[in-house]
Structure formats: structure tokens, C-alpha cells
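Engineer: Numbering follows the UniProt record's numbering, in which position 193 of the sequence shown is assigned residue number 193; successive positions increment by one, without gaps.
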Amino acid sequence: MTRVQSFVPDLLPPDDKVSIESIVGELIQATSSLKVLGEKIRYTQFDYDILLFPFLTQEAAASTRIENTQVTVDEIYEVTAGDKSSNKDINEAINYMRALEHGKSFLDATSIFSKTLLKDMHGILLSGDVRGSNKNPGQFKSVENYIGKHNAKRNQAEFIPPGPEHTDSLIDNLVDYINSDVDDKKILVKTAIIHSQFETIHPFMDGNGRIGRVLIPLFLYYKGVLPYPLFFLSHTLEQNRFEYYRKLNNTRWEDDFDGWVQFFIRCTLQQTNEYSRLIDSWLELYEEGVKVLKMHHRHHQVEKFMAYVCSNPIFSLRHAEEKTGITYQSCRSYAKTLNDNQIIESDQQKRNKMYYHYEILNLIR
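1) Going by DSSP, what residue range makes up the beta strand (DSSP E) through residue 121?
2) Less than 8 angstroms between the CB atoms is what I'm expecting for residue 314 and residue 77, so what's the real figure, rounded?
3) What is the rounded straight-line gap between the Cα of residue 91 and the Cα of residue 73?
4) Within 10 angstroms of its Cβ, does residue 43 collect 16 or more other Cβ (buried), or is it exposed?
5) In the DSSP output, what is residue 354 paired with across the bridge?
6) Does any C-beta atom of chain D lie closer than 8 angstroms to the C-beta of residue 191?
7) Mapping DSSP to helix, strand and coil, what is residue 144?
8) Starting from residue 249, trace the alpha helix (DSSP H) both ways and give me its first and last residue.
9) Count the other CB atoms, across all protein chains shown, that sit within 10 Å of the CB of residue 202; report buried if there are 16 or more and exposed otherwise.
10) Enumerate in chain order the residues of its own chain whose CB-to-CB distance from residue 234 is below 7 angstroms, with the five nearest sequence positions on each side excluded.
11) Along the alpha helix (DSSP H) that carries residue 304, what are the first and last residues, could you check?
12) What span of residues does the alpha helix (DSSP H) with residue 64 cover, start to end?
13) Okay, do the segment 330 to 342 and the segment 293 to 304 touch, 3+ Cβ pairs below 8 angstroms being the bar?
14) Is it right to say residue 1 is buried, meaning 16 or more other beta carbons lie within 10 angstroms of its own, or is it exposed?
15) Does the segment 183 to 201 come within contact of the segment 255 to 269, defined as at least 3 CB pairs closer than 8 angstroms?
16) Between the beta-carbon of residue 144 and the beta-carbon of residue 163, is there less than 8 angstroms?
17) Starting from the C-beta of residue 327, find all residues in its chain whose C-beta is less than 8 angstroms away, skip the five residues before and the five after it, and write them out in chain order.
18) Could you say which of 267, 244, 157 and 340 lies nearest to residue 27 if we only look at CA atoms?
19) Thinking C-beta only, is residue 155 closer than 8 angstroms to residue 113?
20) State yes or no: is the C-beta of residue 363 within less than 8 angstroms of the C-beta of residue 229?
21) Strictly by DSSP, which residues pair up with residue 159?
22) Mind checking which residues open and close the alpha helix (DSSP H) that includes residue 200?
23) Helix, strand or coil for residue 169 per DSSP?
24) Compute the Euclidean distance between the alpha carbons of residue 307 and residue 70, then round it to the nearest angstrom.
25) Do you know how far the Cα of residue 84 is from the Cα of residue 244?
26) How is residue 330 classed by DSSP in three states: helix, strand or coil?
27) Just to confirm, are residue 173 and residue 338 a CB contact at a threshold of 8 angstroms?
28) Taking all protein chains shown into account, decide if residue 134 is buried (16 or more other Cβ within 10 angstroms of its Cβ) or exposed.
29) Strictly by DSSP, which residues pair up with residue 346?
30) Leaving out the 5 sequence neighbours to the left and right, which residues in its chain are closer than 7 angstroms to residue 365 when beta-carbon positions are compared?
31) Could you check whether residue 23 and residue 186 sit closer than 8 angstroms to each other, using their CB atoms as the reference points?
32) Quick one: Cα of residue 68 to Cα of residue 300, how far?
33) State the CB to CB distance for the pair residue 269 and residue 29, rounded to an integer number of angstroms; the pair is presumed to be in contact (CB under 8 angstroms).
34) So residue 41 and residue 51 are supposed to be a Cβ contact under 8 angstroms. How far apart are they, rounded?
35) Please report the distance separating the alpha-carbon of residue 107 from that of residue 175.
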């Protein structure tokens, strides 16, 4: 088969395509590390949403950068806090966050993966003023698509996914595999296969990479591996972008699933270790801020305010008041204390002043 022909993958499960003997040590280590991360998230003193926003902000920025969209963690926070006008790049990142949040709500309500979930998330991803908003958001492709350099013609494509006539049956098979307990005892291997199969099917005209990466934390959450969908691989995949695409392509052209799974397991181990360190550092900075606030204030709300600051390391007082329910005057007093003690810094604006917790930002940039 030449590479200008479309490629139709085999149905799942993959049967003998993956041999774990050569990676069993790494698989055990990564699975154990993911379990430890899950327990750390489960028993942290914070609500899920407090940890979610910084993790998800980092993920949204990294996932969109993989596809050459230029957006930073700082820009997402600045738009959220109302200090910066949005643009298409930032809208894409914010839509990515909204799509994952919808995915969690959908699974909580229905307890099942479905084509509807995939279409819903895609509709959110491509909503509003973003690139691809004219590519049938929320609908599977009706014409052939292909992967290649910008403005490349079909005969220059690096990969041509299966045509639209195959989409429904292939997605049905993928969804059945996700919902089944087949390969659940090798959950990270199954996660790797699900991601590669979705990217090979490429069911939408645009946004397939981002939806495929959202599937990773949602699947692990759905199977109970994680208490919340708080595990994102895009930061690590971005650091290994070319190997990521090469390993995916090798599953198609060389039937090399072992190489892909080994790469995925290695990225998982790297990311779980990074997240564990991030949470530990994040908690230390939170406790440092609370200690300073309690030295100057007797209010019972200082923990809530500091948790907000750690979740929103770029913020305005109006945004803090809105999100915490703490009065504007108290927010201003707490922020002044943190600023005076060099926990946070402020800009020089007299009105609409913005505050920055640079140590938190540096953890997730």
C-alpha cells in the first residue's frame, strides 16, 4: 500500500499486536506511579476544582501548542481574570478546557462512553471564534481528510485516515472497546491503544488531536483509575512531539504497536512523576501563603483566599471576589499582605490592578 491511499485500521481489541514482555518493568512502574498520583489527588485537602484549573490550564496551552497554536499559560489566566482580550489561539485553549469539563459531567450523568460524548466535546472545542469553526463542529467528517504540511495536496499527504464511509463503524468499535472490560488489567496499554486508534480514525474534519488527548484523562477517570480526570499528557508529548507523531505513524505503516505503547508508558511515567512533584510544591506554596496571612489576619477565610490564589496565580480583586465570595475589601487586604510579604507581586496600575504569584506560574509554565 502506498501512502497516498487511505488506511483502514483493524478492529479492536488488538489481540496479539502488543507484546508487554519487553516493557513489563516500565508498565508496572508507570501503573504504580499513576496509582500513587491518584491517591495524592484523592486525599489532598482541596476541592477538585482548586487543583483542576492550574493543571488544565497547563494542559490546554500544551495541547494547542502541539498543533502550532501559540498560547501561553499566562495569557489564559489573563483572559480569565479579565485583563486581556481573547483571540483565536486563546479561545481554542479555553474551549479545550470546557470540552474536558463537559466530558466529566457527561460521564458522571450517563456512566458510559458514547459517540454523543465525542460529538459534544468536538462541538464545544470548535465553538465560537476559533480556527476550524467552519469544519462541522460536533459532526463526523462527510468527506475525506488527510494529514500533511499546511496547504499540502493529497498526493503529498503524510497519512490519509479511513474515509467517511468507515467512520461510524470504526467509532462504534472503539466505543465498545472503551466500555468493555477487555484489557482493563493492562489499563495503560489499553489507554495507549485507544488514543492511537482514535487518531488513526481521525473522525472529524478538524480538532482530532485535541479530542484524542482529552480522551486520555477521561478514560482513566471513567475506569476509576483516577478520582478525577486530572492526568494530562500534552506537556510531555509536546516535549517529544516528533517522536510522538513518528510512533503513531509506525502503528499504521509498520504495525509497530510495541514501540508506540513503550513510548506512551514512558511519557506516562514522566508525567506522573512531574505531577507528584508539582502537587507537593503547590501545597508548600499554599501553606507558606496561609502562614503569612494568619500572622496578620484572624479571618477564617484566609485558607479559601490562598487556595484561590494558588489556583489563579494571575488575578484581579474583582475576579477573586466573584470566585471566592469573599468581600472586595477583604480580598484587597489579603492581597496587600501577600504583596507586602513578597508572596505575590502586583502591576503598577492604580485601577484594575493585577496580581501575580510567579512561583506558582513557574510550576505550570
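Just so it is clear, CB atoms sit at the ideal spot from N, CA and C, and this is done for glycine as well.
Structural biologist: So, from the data block:
1) First-last for residue 121: 115 to 125, but that is the alpha helix (DSSP H), not the beta strand (DSSP E).
2) So it is a contact: roughly 4 angstroms between Cβ atoms.
3) 13 angstroms
4) exposed
5) 316
6) The structure shown contains no chain D, having only a single protein chain.
7) coil
8) 241 to 253
9) buried
10) 59, 62, 63, 66 and 213
11) 302 to 311
12) 48 to 66
13) Cβ pair count under 8 angstroms is three or more, so yes.
14) Annotation note: pLDDT 48 at residue 1 (below 50); position unreliable, no value reported.
15) yes
16) yes
17) 321
18) 267
19) no
20) no
21) Answer by DSSP bridge pairing, in chain order: 147.
22) Element bounds for residue 200: 187 to 201.
23) helix
24) So the two alpha carbons sit approximately 29 angstroms from each other.
25) 33 angstroms
26) helix
27) no
28) exposed
29) In the DSSP assignment, residue 346 is bridged to 355.
30) 73
31) no
32) 45 angstroms
33) For a cut-off of 8 angstroms, the C-beta gap from residue 269 to residue 29 is around 6 angstroms, short enough to register as a contact.
34) 7 angstroms
35) 13 angstroms
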